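One structure below.
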Amino acid sequence: MFTLVEPDPALLDPPVVVQRLRTDSEAGLTAHEAARRLVAVGPNDIERVPPLARWKKIISQFRSPLIYLLLAALLASLAVWAIEGAAEWPVDALVIGVILVLNAALGYGQQAHAEHAVDALARMTATTATVVRDGTECRIAASEVVPGDVLLLTEGDAVAADARLVTADGLEVLESALTGESEPARKDPRTLAEPTALDEKAGMVFKGTAVAKGVGRAVVTATGMATQTGQIAGLVRAVDDTATPLQREIDRASRVLGIAVLVLGAVVIASIFVVFGVHRAHDVVTAVLLGVSLAVAAVPEGLPAIMSVVLALGTRRMAEENAVVKQLSSAETLGSASVVCSGKTGTLTTGEMTIVRVLTPIGEVSVTGAGYRPQGRFEHDGVPLREGENLWRQTRLVLGDNAAGATASLREQDGQWIAEGDPIEAAFLVAQTKLGTGPATQRTSTRVTKGEPNAVLDRCTHLRIGDRLVPLDDSTKATIRCGAERLTSDALHPVAVAYPAATDQPGGPLAYVGMVGITDPARPGAATAIADAHRAGVRVVMITGDHPRAAARIARELGIDDHESAVSGAEIAAQDDDQLRQTVRRHSQYTQLDAADKLRIIGALQADHEIVAVTGEGTNDAPALKSADIGIAMGRTGTEVAKEAANMILADDNFATIVRAIREGRGIFSNIKKSLRYLLSSNMGEVLTVFFGVVLAGAIGLSQAHTVALPLLATQILWINLLTDGAPALALGADPQTEDLMSLPPRAASDRVIDARMWNNIVVIGAAVAAATLLTIHLYVPGGPMPASLDTARTAGFTVLVLSQLFNTLNARSETQTVFRGLFANGWLWAAIAFSALLQVAVVQLPLLDTAFTTEPLSPGQWLVCLAMSSTVLWVSEIRKVILRRRDRHRSRPRLCGG
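Per the numbering used here, the sequence shown runs over residues 142 to 1040.
In structure tokens form, the structure reads like this:
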């Protein structure tokens, strides 16, 4: 690749850069030399990552321990079906197969919107550029620009490559996509004395930025992947896609469950052999079928579908709150976030530059109102300015007469005021309109000069007070500079204003008229949202490209951090990893960072076991968005690169939306945990019923002359699995939140989704279900307290097991709260319970289904007994919850999210 000897062209004088690139700043390259260089260095494009083949995308949907477990269950179900003669449809295997296919289809659909950050980088760059070749201006495709080309830059142009300025006249470039700095960067060809940050390289322009005003001529120093944009693309490609915390935890739980299922099947089969002995081949087949069926039933086969549905419902609700989630699994991750690294401009602030102070040679004025809405008033010492008085006239002179800038306009749309053009000029335009000196849509001439106070004062020879010109001496200049420093210390951006000292010399000396202090006001509701985040245990970290004092002011105002100044990128670069880890623990505001700095901060937080969410809008934010646990791009101001690299997009660029999405994400995890609590405790009930039914066969009354009389048949177990793992579990996924999830701390990265308390619940509820089922069987077995046939006893136990699981759906809605709180809040759940109960009645009472499932019709009295026995699971759960609530109050510590 064609490169300079010196790695940083900003440190070289323009003639030196031109010489080293063997070009001519006036005539440019020859067409022949440009063609030769294009062959040598390649097109001025960002390298693209080849997309995965479609079949690989489909295969990737099945790469999960939970999916492997379900595939094993499907094969086992097919084996059972084949051993039994394949007389009927393999319902359980078909259900598992459908779940797997639907889950893969949903995942593939989401992947269709997956990240193509490098492709987006290529799309966002300029399609054409104006260059000088053979001494003639010509327009060429941006991909054909080569090092040594001379670029001609004018207002509205996109910069096609990194280039060293040779000349510049009033050139300002919008570099927020790279630097995060919201204001246009003023450019000139001066040479830097030492290396500095990207946003301070006034003599350089960069690929992917845009010219806001002025003209310039620059010689191209880097193209393609050698540009700053290309280097960021390389960082994005180097960041691996990582599984979300929920995905990692479900995978871990699936592996544990898979081992447990294998052990379970073996133990049940061995128990049958030990208790009953093996006398016939039929006994072996029966034992194996039951063991395999129970193992299949122990797998929560509906979990992938339930997770997908819960996540899909959550993402829909997030979208209604202006948070558009691109990947289903990312919806829950935000709820687990313990740190949110947010940009300032437009997210924590309005992104609307506002003049709040005017300093004139005859007095100081404060301005009320925030943002682009032209409503507010001008005050001096708390008294409103009166039109026509001297200070009012001088203020009007500072702001401009009948307009505030040739590069800005203001309009109202749907009740919102929108400024277009240079944000500084827009601030002047709004203030001028507030003062009432002209209509908001008026444009002004460019005779006024605005800029950094020292730069403007260096060109000033006079003061202009009203219509009078007064010579400007060094003492007055010092006073003006003190005013600028005072504005800066108050975290305001100072902009000095001057006019030509002589009307017939527009390019000559200037007359100073005053100075304004500009701020980007905090977004309404941001402070409340941050307080809500802190209440939820979520730390907010602000990362901005603005001046450290401005950053500190916003951080203090919003309650983020009370440090006097933000940590700069230079300070970050000087720290090793251990020092940086200490810094990120203490500080919550950072400024003037490049892409690599942001990655280091995120890495340090993640190394500290934090789950990190990051917001971003610019090209330089893309690597950070991708490396975070969840990346959040700005929908209004974000570049295409940032949106493609992110997992979620904020349609309104509002930090409060993030907090609402955190609440929704916590609700998603809570509902997934409810479904898991229900599925696993219900499955545990089936497992314990069969195991203790075999071990305690004699006490129950199932041991009959060396005959394998099992408490449940394989077909009945598979029916229970089909009936209760479907609609009720899905309905739990739509359960409304009855707890204040934002009063709980975030779930730690090391926390298990199936924690000790949930395992306790699984065992207790499973034991209660098994006890109720086996006691019911004991009531009706021949020789029992209420003797009937073995099929009737088994049918009654079968029914109690189903109804117990339906009662258990109500228990699962909360780990600690009583079932009677918000009992009828979830209409879908009651509909699912009613539907499942009717299907169970049909299986027991209809003759055709009696034959298929080896059941006997029950009498009304027997149904009442089954209903009463199955309700015991509800009362056991209520007693357990009372104990837990008392224990939690005694310990006086908050519960983790999901309870």
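Just so you know, even glycine gets a beta-carbon here, dropped at the ideal spot from N, CA and C. Owing to the predicted nature of the structure, the values given are computational and were not obtained by experimental measurement.
Going by alpha carbons, who is nearest to residue i out of the options?
i       : options                          : result
Val466  : Ala786, Ala913, Ser1012, Val1014 : Ala786
Pro502  : Gly839, Ser616, Ala172           : Ser616
Met883  : Asn967, Leu990, Ala670           : Ala670
Leu970  : Gly867, Ala929, Thr732           : Gly867
Phe939  : Gly968, Ala897, Val1006, Gly963  : Val1006
Ala838  : Glu296, Tyr640, Ile413           : Ile413
Leu931  : Val360, Asp762, Leu999, Lys575   : Leu999
Thr314  : Leu979, Ala282, Glu296, Pro330   : The sequence shown places Val at residue 314, rather than the Thr named in the question. Minimum Cα distance to Val314 is reached at Glu296.
Arg609  : Ala625, Ala643, Ala637           : Ala643
Gly968  : Ala875, Val499, Leu538           : Ala875
Val1014 : Gly484, Leu951, Ala972           : Leu951
Val597  : Tyr653, Pro612, Leu570           : Tyr653
Ala326  : Glu335, Ala334, Gly655, Gly355   : Gly355
Ala363  : Thr957, Leu452, Pro148, Arg534   : Pro148
Gly357  : Glu626, Val307, Gln369, Ala983   : Val307
Cys623  : Gly592, Pro650, Met656, Ile606   : Met656
Gly592  : Ala637, Cys279, Gly658, Leu859   : Ala637
Asp369  : Ile695, Asp310, Thr602, Asp735   : Reading off the sequence, residue 369 comes out as Gln, not Asp. Checking every option, the nearest Cα to that of Gln369 belongs to Asp735.
Would you identify the three-state DSSP class for residue i, choosing helix, strand or coil?
i       : result
His675  : helix
Val481  : strand
Ala769  : coil
Arg893  : coil
Gln583  : Residue placement at Gln583 is flagged as unreliable, the pLDDT there being 44, under the threshold of 50; the coordinate-derived value follows with that caveat. In the structure shown, Gln583 sits in coil (DSSP, three-state: anything other than H, G, I, E or B).
Ala334  : coil
Leu987  : coil
Arg514  : coil
Ala353  : strand
Arg1028 : helix
Ser709  : strand
Met899  : helix
His704  : coil
Ala453  : helix
Asp661  : coil
Val158  : helix
Thr164  : coil
Gln723  : helix
Thr490  : strand
Lys575  : helix
Pro869  : helix
Val497  : strand
Leu540  : helix
Per DSSP, which residues does residue i bridge with? Please list them.
i      : result
His603 : Pro612, Ala652
Leu791 : Ala464, Met775
Phe519 : Val508
Ala105 : What is shown of the chain runs 142 to 1040, which leaves residue 105 out entirely.
Ala553 : First, the amino acid is wrong: residue 553 is Glu here, not Ala. Per DSSP, Trp558.
Tyr640 : Ala652
Cys279 : Val272
Tyr731 : Ile684, Val708
Met345 : Arg305
Asp876 : Partner(s): none; Asp876 has no beta bridge.
Throw me the rounded Cβ distance for the residue i and residue j pair, which I believe falls under 8 Å.
i      : j      : result
Leu821 : Gly834 : Between Gly834 and Leu821 the Cβ distance is about 20 Å, and since that is not below 8 Å, they are no contact.
Thr856 : Thr995 : 7 Å
Thr490 : Ala663 : 6 Å
Gly371 : Gly183 : Their Cβ separation, rounded to whole angstroms, is 11 Å, which puts Gly371 and Gly183 out of contact at 8 Å.
Ala119 : Ile790 : There is simply no residue 119 to check, as the chain begins at 142 and stops at 1040 in what is shown.
Leu864 : Ser977 : 5 Å
Arg537 : Leu500 : Arg537 to Leu500, Cβ: 14 Å. No contact.
Asn949 : Ile906 : 6 Å
Q) Below 8 Å, can you find three or more Cβ-Cβ pairs linking the region 498–517 to the region 793–810? A) In the pairwise beta carbon analysis, the region 498–517 is classified as not touching the region 793–810: fewer than three pairs are separated by under 8 Å.
Q.
Quick test of the definition: if touching needs 3 or more C-beta pairs under 8 Å, does the region 171–182 touch the region 273–287?
A. Touching, yes, given that three or more Cβ pairs across the two stretches are closer than 8 Å.
Q. Are three or more beta carbon pairs between the region 702–719 and the region 648–666 nearer than 8 Å?
A. Taking 8 Å as the limit for Cβ pairs, the verdict is that the region 648–666 does not touch the region 702–719.
Q. Can we say the region 696–707 touches the region 528–537, given the rule of at least three CB pairs closer than 8 Å?
A. Not touching, per the Cβ criterion.
Q: Count the C-beta pairs between the region 918–937 and the region 945–965 that are closer than 8 Å, then say yes if the count reaches three, no if not.
A: No, because fewer than three Cβ pairs between the region 918–937 and the region 945–965 fall closer than 8 Å, the two stretches do not touch.
Q.
Does the contact criterion of 3 or more C-beta pairs under 8 Å hold for the region 749–763 versus the region 469–480?
A. Touching, yes.
Q: Indicate whether the contact test is met: 3 or more Cβ pairs, each with one atom in the region 331–338 and one in the region 738–745, closer than 8 Å.
A: As far as the Cβ criterion goes, the region 331–338 does not touch the region 738–745, which means the pair count is below three.
(Q) With three or more beta-carbon pairs closer than 8 Å as the criterion, would you say the region 623–634 touches the region 763–774? (A) Short answer: they don't touch.
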